[in-house]
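Note sheet for the following structure.
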Amino acid sequence: MTQVNEGAVDLVQVIRGDMVESVHRGHAVICDESGEVIEAWGNPSAMIYPRSSCKMVQALPLLESGAGAHLTTAQLALCCASHEGQTEHTSAVDAWLRDIEMSDADLRCGSHMPYSEDAKADLIRAGKKPCQLHNNCSGKHAGFLTLSKHLGAGPEYVEPDHPVQLAVRRAFEEVTGMESPRYGIDGCSAPNFATRLDGLGHAMGLFAAAREGQGARQDAMVKLTRAMGEESFFVAGDGRACTDLMRAMGGKVAVKTGAEGVFVAILPELNRGIALKIVDGGTRAAEATIAALLVHLGALDAAAPVAQRLTYGPISNCRKKVTGHYRVTLA
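Just so it is clear: in the sequence shown, position 327 is 326 by numbering that gives the first Met the number 0, and no numbers are missing.
Okay, here's the thing in C-alpha cells:
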C-alpha cells in the first residue's frame, strides 16, 4: 500500500527575502466526469484519510434515503460544513435539532471553542463554556441524527457498525470506486474511511457530472453541490478559504477543506473534480494549491483578492512589514 509521502512532489515554496525557506510537498489530481484522472501531480495512488473534505459524500445517505427531503439549502450546506461557530451557525444547528425533537445532548461530536475569534470572545465575556453546537462538525452530526431517526436506529450514530455509518461507508466506497481498507476516528468521533487520492478525485468528478433527474444519487449530489455554492457562509464562515473561494467564483464551484492538508473541489460547469493532499498537513499549502488549481482550470480569476492572498500572500510580520511570499510550483 502506497504511503502518503511516496512520490510526493514540491507544490508550495515559502520565500523569505530572496531564499526558499520552506517547501510543502504533496499530491494532486484533476478528474473528469467519469472520475478518471486527467492531470496529476505527485502520486495519485497515495492512501489518505479525506477528513472533512468528504462531508458531502457522508451526506449522501441522508438525501438518498429521503430523510433529508425537508431540509433547507442552508441545512444542506451545514451537512457539508466545518463551520466557524458563529452565532448564525450555532443557531441554525440548534433550530434544526429542535425540528427533529432533539438537542445538543443528542450530538456525539464533542465540544470545542468556536473557531471564530468574535464568537470565542463572546463566550469568554459571558463566562460560558462552549457546547457541542460550537463544534465545527455539528451540522454534519445533525444530518447523521436526522438519518438515524429516519432509520429508527440507536443513539450512538458514530459507531462504525451503526446503520448510519454503514450507509456512509457504502456510499463512500461506491463513489470513490474502491473498497476502503481501513478507517480512523475523526476529531468529531465519526469514522473517516481511507481511500486513495485518485479515489477521492473520482468521487469529486462524479459529483461534478451529476445532473438532476438521473436517479436518487445524482439528485443528491446536485443538491449538496448547489447548496455549498449558494450558502457558502454556512460551509465555513467569514474569512475562511472555503467561503471566500466559493464567493469569488459566484457559487458555481464547491470547495471543501479537510484537516491535515486535504482539499477538494467540484466544478459542475467544467465536469471536473479536484483532490489534493499536502504531506506535512499544512493548511497554508493546501489552500495555496487548491486556489492555484482553480486558476489553472479557469474557474478562479488569478487577480481575485482571495487567489492572490492564498497563492502569493504576501507574508507580513507583526509590524506589517512584508517579509516574504508563497510560490505554487505546479510543474
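Every residue, glycine too, gets a C-beta built ideally from N, C-alpha and C. Since the structure is predicted, the reported quantities are computational estimates derived from the model, not experimental observations.
Worksheet entry | Three CB pairs or more closer than 8 Å across the stretch 68 to 80 and the stretch 288 to 296 | no
Worksheet item: Secondary structure at LEU10, three-state DSSP: helix, strand or coil?
Response: strand
Worksheet item: With a CB to CB cut of under 7 Å and the five nearest residues on each side skipped, what residues in its chain are close to ALA170?
Response: VAL56, LEU59 and PRO60
Worksheet item: With burial defined as no fewer than 16 other Cβ atoms inside 10 Å of the residue's Cβ, what is the status of GLN2: buried or exposed?
Response: exposed
Worksheet item: Are the beta-carbon atoms of PRO43 and VAL28 separated by less than 8 Å?
Response: yes
Item to complete: Determine the burial state of THR224: buried for a count of at least 16 other Cβ atoms within 10 Å of its Cβ, exposed for fewer.
Response: buried
Discussion item. Can you list, in chain order, the residues of its chain with a C-beta nearer than 6 Å to that of ALA207? Leave out the 5 residues immediately preceding and following it.
Written reply: ILE265, LEU266, PRO267, ASN270, ARG271 and GLY272
Discussion item. Am I right that VAL278 and LYS255 are in contact with their C-beta atoms under 8 Å? What's the rounded C-beta distance?
Written reply: So it is not a contact: roughly 19 Å between Cβ atoms.
Fill in: THR318 versus ARG15 - alpha carbon distance
Looking at the sequence itself, residue 318 is Arg, so the reference to Thr does not match. If you take the alpha carbons of ARG318 and ARG15, they lie about 16 Å apart.
Worksheet item: To the nearest angstrom, how far is it from the Cα of ILE123 to the Cα of CYS241?
Response: 27 Å
Worksheet item: With 16 other CB atoms within 10 Å as the buried threshold, where does THR86 fall?
Response: exposed
Item to complete: Just the C-alpha distance for PRO180 and TYR156, rounded to the nearest angstrom, thanks.
Response: 21 Å
Worksheet item: Does DSSP put ARG86 in a helix, a strand or coil?
Response: Per the sequence shown, residue 86 should be read as Thr rather than Arg. Reduced to three states, the DSSP call for THR86 is helix.
Practice prompt. Entirely within the stretch 171 to 259 and at least 3 residues each: give me those beta strand (DSSP E) ranges in chain order.
Written response: 182 to 184, 190 to 192 and 253 to 257
Discussion item. Please report the straight-line C-alpha distance between CYS108 and MET18, rounded to a whole angstrom.
Written reply: 43 Å
Worksheet item: THR322 lies in the beta strand (DSSP E); which residues open and close that run?
Response: 321 to 327
Worksheet item: Going by Cα to Cα distance, which pick from TRP40, GLY212 and ASN135 is closest to ARG24?
Response: TRP40
Item to complete: May I have the straight-line CA-CA distance separating HIS133 from HIS161, to the nearest angstrom?
Response: 24 Å
Worksheet item: Does the Cβ of PRO49 have 16 or more other Cβ atoms within 10 Å, making it buried, or fewer, making it exposed?
Response: buried
Worksheet entry | Which of helix, strand or coil DSSP assigns to ALA274 | strand
Fill in: Check whether VAL92 and SER52 have beta carbons under 8 Å apart
no
Discussion item. Can you tell me whether HIS23 is helix, strand or coil according to DSSP?
Written reply: strand
Worksheet entry | ALA94 vs LEU146 beta-carbon contact at 8 Å | no
Worksheet item: Any idea if PRO190 is buried or exposed, counting beta-carbon neighbours within 10 angstroms, 16 or more meaning buried?
Response: buried
Practice prompt. Kindly indicate the opening and closing residues of the beta strand (DSSP E) around VAL39.
Written response: According to the sequence displayed, residue 39 carries Ala and not Val. Looking at the DSSP string, the run of the beta strand (DSSP E) that includes ALA39 is 36 to 40.
Worksheet item: Could you give the distance in angstroms between the alpha-carbon of ALA193 and the alpha-carbon of LEU62?
Response: 23 Å
Practice prompt. Would you list the residues sitting across from ALA264 in a DSSP beta bridge?
Written response: VAL254 and ILE273
Discussion item. Going residue by residue through the stretch 279 to 311, where are the continuous beta strand (DSSP E) segments of at least 3 residues, counting only ones entirely within it?
Written reply: none
Item to complete: Check whether the Cβ atoms of ALA209 and VAL221 lie closer than 8 Å to each other.
Response: yes
Worksheet item: For MET46, does the three-state DSSP call read helix, strand or coil?
Response: strand
Discussion item. Less than 8 Å between C-beta atoms, sequence neighbours within five positions excluded: which residues of the same chain meet that for VAL294?
Written reply: ASP300, ALA301, ALA306 and THR310
Worksheet item: DSSP three-state call for CYS53: helix, strand or coil?
Response: helix
Worksheet item: How about GLY34 and GLY214: are their beta carbons less than 8 Å apart?
Response: no
Worksheet item: Would ALA274 pass as a contact of LEU199 if the rule is Cβ separation under 8 Å?
Response: yes
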